[in-house]
Amino acid sequence: MVREKASAEQDLISHGTALKKRQLQCLMEGTPLDPPIATLLFSCVGRGSNLHSKNSFDARTVASFLPVPTSGFLGNGEIGKVGSTTHLHGFTCAVGVLRAGKGMPLPPAARMPAEKNS
1 MVREKASAEQ DLISHGTALK KRQLQCLMEG TPLDPPIATL LFSCVGRGSN
51 LHSKNSFDAR TVASFLPVPT SGFLGNGEIG KVGSTTHLHG FTCAVGVLRA
101 GKGMPLPPAA RMPAEKNS
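Reminder that position 116 of the sequence shown reads as 116 in full-length UniProt numbering, one-by-one numbering, no gaps.
Below, the structure written as C-alpha cells:
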C-alpha cells in the first residue's frame, strides 16, 4: 500500500508513462493497439484530497494519459491480482481501459476530430 503522497502520485504517473511507451512501441512495430474508447477508474476513498491535497488527482492523471470518457467510483478497498492470486487492496487506484474490438466502428465520442467529417 502506498500511503505517501509523492510515491502514490509517481506510481500512477509511471503506469501512465508505461502505457504510452507500449502504445508507441506497438505502433513502431506495425501492430498498433486498438484505440481506447473509455476508462473505468476505481480509487480508494483514502486517495482523495486528504492524500493528494487536491480533488480528483487520480481521474485527472488518468485523463492526461487517456483523454477518453471515464466512469468509476470511490471504494473502501479494491480487488486486484498480485501475481496469480487475487487480493483485497487499500489506498489503491485500479484502471481499466476499454477498447473497440477488431473491425468495430468507434463510437462518436472516441473519434478524433478529423475523423468526424469522414
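Glycine is no exception: its CB is placed at the ideal position from the N, C-alpha and C atoms.
Identity of the residues DSSP links to residue i by a beta bridge
i     : result
His87 : Gly80
Thr61 : Note: Thr61 sits in no beta bridge, so no partner.
Inter-residue spacing [alpha-carbon to alpha-carbon] between residue i and residue j
i     : j      : result
Gly46 : Gly80  : 17 angstroms
His15 : Gly101 : 23 angstroms
Lys20 : Phe65  : 7 angstroms
Glu29 : Arg99  : 19 angstroms
Asn55 : Gly48  : 6 angstroms
Thr17 : Ala6   : 16 angstroms
Three-state class that DSSP yields for residue i in the structure shown
i     : result
Gly48 : coil
Val95 : strand
Ala8  : helix
Ser53 : coil
Thr31 : coil
Selected residue, minimal CA-CA separation from residue i, among the options
i     : options                       : result
Ile37 : Pro69, Met28 and Gln23        : Pro69
Phe42 : Gly75, Met28, Gln10 and Thr17 : Gly75
Val62 : Leu88, Ala8, Glu4 and Ile13   : Ile13
Ser53 : Leu98, Glu9 and Gly96         : Glu9
Pro32 : Gly90, Gln23 and Leu40        : Gln23
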